[in-house]
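Note that this note's numbering has the sequence shown beginning at 596, numbered continuously upward. Notes for the one structure printed next.
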Amino acid sequence: MQFIPKIVCGLALCCLSFSIYADILPEAEVGIKIPLVKKPTTRPMSVAYLPSNQHYYIADGGLAPMGSEFEAPISKSEVHAFSADGKYLNSAKPGFDNRSLYFNPNSGKLETITYNISSAVGFLPNTGIFSLAVNDRGEILDTSADISQFNPAFGDAGTMPSYDPVTKLYYAKQDRGNLVFVVDAKQREKMQEIKLDFTKAQVAHDDVSDHYIAFTGVAGNELALLDVDHKAVLIFDLNGQFVGKSALPATMKLRSQNHFNGLGYSNGMMFVYHEPEGEFGTYYGFKVVK
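Right under this line is the structure:
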């Protein structure tokens with residue numbers, strides 16, 4: 596009769612294995628489409644969702660012009676506000692070369708991380724982490740506030756860090772490789788390095804997003820990485836182990852800039868900028884993990 600516990604144990608392991616992999620949708624499901632109604636001021640970068648008003652915000656990114664006696668060296672990049680169903684509301688110029696845009700439930704604020712937060716290419720004005728103001732109608736405003744200045748712990752100048760509001764840690768993918776730096780913004784050195792298992796995922800570093808990895812908040816499936824060349828979202832755990840992937844529609848025509856920008860993770864969806872769709876491109880929000 597000893598075979599019964601073994602069978603039960605085997606079934607339990609099978610069920611556990613199934614439940615882990617069942618969290619990943621084999622084919623990504625479209626949750627929302629947000630068509631851009633105006634040309635991005637520079638390049639479309641990141642997407643955030645504000646639960647308090649159920650609005651989406653899309654940030655452009657681009658370096659500031661050289662300063663002169665007539666003009667301050669402030670980035671002209673805009674942030675755009677959209678309703679819950681993807682309708683355009685307004686745009687504003689807070690003055691940042693945005694890289695990551697996200698809602699921080701700990702502060703209750705919409706926050707942006709700028710280009711070169713690590714000061715890897717020298718100190719620049721308006722560099723660091725900032726909160727952005729939103730009015731009662733959900734419109735984005737030009738006003739902002741300082742949160743944190745430049746921090747070398749973030750590594751690569753172009754990184755688009757994602758945020759875990761529970762641990763208050765950032766995950767900053769480094770370019771041209773499989774390294775992700777784990778960062779506490781209060782520290783000046785990285786806390787940890789995660790090495791993503793590209794071998795098991797069957798990708799090379801130039802197949803995937805160079806600067807962005809999403810934090811999903813789903814246990815065991817915490818990190819999501821866009822595989823541009825194979826049109827899929829790759830899922831890893833916090834040890835860098837490859838867990839599975841979610842296929843994007845084969846009809847999507849991803850372009851080279853998807854390696855470097857036009858990405859985000861918010862409201863339980865992975866956002867991918869689809870440049871060929873619409874006059875100015877369209878953001879797709881994909882559900883890839885439950």
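The beta-carbon is built from N, C-alpha and C at its ideal position, and this holds for glycine as well.
Within its own chain, the residues whose Cβ lies closer than 7 angstroms to the Cβ of Asp802, once the five positions on either side in sequence are excluded, are Asp822, Val823, Asp824, His825, listed in chain order. Taking 3 residues as the minimum length, the beta strand (DSSP E) runs contained wholly in the region 746–787 are 757–759, 764–768, 774–778, in order along the chain. Selection Gly750, Val761, Ala809 evaluated against Glu788 yields Gly750 as nearest (Cα-Cα).
In this structure, the beta-carbon distance from Leu684 to Phe677 falls below 8 angstroms.
Around the Cβ of Pro621, a 10 Å sphere holds fewer than 16 other Cβ atoms; the residue is exposed.
Of all alpha-carbon atoms in Ile742, Phe881, Leu791, the one lying nearest the alpha-carbon of Tyr766 is that of Leu791. Taking C-alpha positions only, Lys688 is separated from Glu734 by approximately 12 angstroms.
Counting C-beta atoms within 10 angstroms of its own C-beta, Ser672 has 16 or more neighbours from the protein chains shown and is therefore classed as buried.
In the three-state scheme derived from DSSP, where H, G and I count as helix and E and B as strand, Phe793 is classed as helix. Judged by their CB atoms, His806 and Met865 are not nearer to each other than the 8 angstroms cut-off. Pairwise C-beta distances place the region 702–715 in contact with the region 738–747, as three or more of them are shorter than 8 angstroms. Sequence-distant Cβ neighbours of Gly876 in its own chain, meaning closer than 7 angstroms and more than five residues away, are Leu631, Pro639, Tyr868, His869, Glu870. DSSP places Thr637 in no beta strand (DSSP E); its state is neither H nor E. For the pair Ile712 and Tyr878, the CB atoms are not nearer than the 8 angstroms cut-off. Distance between Lys885 and Glu874, taken at the CA atoms: about 32 angstroms. Under DSSP, Glu624 takes part in a beta bridge, and its partners are Lys882.
Straight-line measurement puts the Cα of Asp680 at about 12 angstroms from the Cα of Tyr652.
The alpha carbon of Ala728 has as its nearest neighbour, out of His854, Leu696, Gly717, Phe745, the alpha carbon of Leu696.
Pairing Ala809 with Ser851 gives a Cβ-Cβ distance that is not under 8 angstroms. Taking every protein chain shown into account, the CB of Thr846 has fewer than 16 other CB atoms within 10 angstroms, so this residue is exposed. Taking a contact as a CB-CB distance under 8 angstroms, the pair Val777 and Leu764 counts as one, their CB atoms being some 6 angstroms apart. A Cβ-Cβ distance of about 7 angstroms is found for the pair Asn721 and Ser670, placing them in contact under the 8 angstroms criterion. The beta carbon of Pro760 sits closer than 7 angstroms to the beta carbons of Asn699, Pro700, Asn701 from its chain, once the five residues preceding and following it are set aside; these are given in chain order. Collapsing the DSSP output to three states places Asp680 in coil. If you look at Asn693, you'll find it in the beta strand (DSSP E) that goes 693–699. Following the DSSP letters along the chain, one finds Lys840 inside the beta strand (DSSP E) bounded by residues 837–842.
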